[in-house]
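One structure is given below, encoded as structure tokens.
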Amino acid sequence: MADKLRVMISEERISKRIKELAEQISRDYEGKSVHLVCILKGSAFFCCDLAKRITVPVTLDFMSVSSYGNETISSGRVRIVKDLDESIQGDDVLIIEDIIDSGRTLAYLMDLLGTRAPASLNICTLLDKPDRRVTDVYVKYVGFEIPDEFVVGYGLDFQQKYRNLPYVAVIE
130 MADKLRVMIS
140 EERISKRIKE
150 LAEQISRDYE
160 GKSVHLVCIL
170 KGSAFFCCDL
180 AKRITVPVTL
190 DFMSVSSYGN
200 ETISSGRVRI
210 VKDLDESIQG
220 DDVLIIEDII
230 DSGRTLAYLM
240 DLLGTRAPAS
250 LNICTLLDKP
260 DRRVTDVYVK
270 YVGFEIPDEF
280 VVGYGLDFQQ
290 KYRNLPYVAV
300 IE
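Listed below in structure tokens is the structure:
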């Protein structure tokens, strides 16, 4: 039986908000370059669309971390699946995430990447679920604040399905 999906954030709203975030990031990093750390797999769509719209020089690297496996609730344990390929020492680093809920993964990444001596280290997320927060983490750039519902689309998946949807939806 197919899952029933309800659109939460349309493709048009996502595109408009990414443009606004890119303008803000471009202003904040004016005269500098920004090193984007895309958290795979979910952030790939968001990171690429954002990077195309940032007007300052951009470099890019990827990390893969896991705290979910095939579950809909975080296990609370963060595991590095793929680390960065290059040093971030002295770089202005912006972690690009698809969604932040408990905050554990991002708190772990901020601590880990902070030990690598970047010039600055901030977070940009497409979606933020503050009602699920169990670990305090400062997120400088937030696309959308959403309620505590399980969402898919625009990079987010459920058991590897629905990443390719051009919008964010709730599975009902």
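Under this note's numbering, think of the first position of the sequence shown as 130, with each following residue one higher.
We treat Cβ as the ideally placed atom computed from N, Cα and C, and that holds for glycine.
**Asked** Quick one: Cα of residue 239 to Cα of residue 231, how far?
**Response** 14 Å
**Message:** Can you tell me whether residue 273 is helix, strand or coil according to DSSP?
**Reply:** strand
**Request:** Check whether the Cβ atoms of residue 219 and residue 248 sit closer than 8 Å, and answer yes or no.
**Result:** yes
**Asked** Tell me the DSSP bridge mates of residue 191?
**Response** 167
**Asked** With C-beta atoms as the reference, is residue 215 less than 8 Å away from residue 254?
**Response** no
**Request:** Would you kindly check if the distance between the Cβ of residue 286 and the Cβ of residue 275 is under 8 Å?
**Result:** no
**Request:** Kindly indicate the opening and closing residues of the beta strand (DSSP E) around residue 254.
**Result:** 249-257
**Item:** Secondary structure of residue 178, DSSP reduced to three states
**Value:** helix
**Asked** In or out: residue 270 buried (at least 16 other Cβ within 10 Å) or exposed?
**Response** buried
**Prompt:** Taking all protein chains shown into account, do 16 or more other C-beta atoms lie within 10 angstroms of the C-beta of residue 298, making it buried, or fewer, making it exposed?
**Reply:** buried
**Message:** Please tell me whether residue 162 and residue 221 are closer than 8 Å, where the distance is taken between their beta carbons.
**Reply:** yes
**Request:** Within the region 204-243, note down every full beta strand (DSSP E) run reaching 3 residues or more, in order along the chain.
**Result:** 208-211 and 221-229
**Request:** State yes or no: is the C-beta of residue 266 within less than 8 Å of the C-beta of residue 236?
**Result:** yes
**Local conformation of residue 201 per DSSP, three classes** = Any reading at residue 201 must be qualified, since the residue scores a pLDDT of 49, below 50, and its modelled position is unreliable; the value itself is stated next. In the structure shown, residue 201 sits in coil (DSSP, three-state: anything other than H, G, I, E or B).
**Request:** Excluding the 5 residues preceding and the 5 following residue 176 in the sequence, name in chain order all residues of the same chain whose CB lies nearer than 7 Å to its CB.
**Result:** 165, 167 and 225
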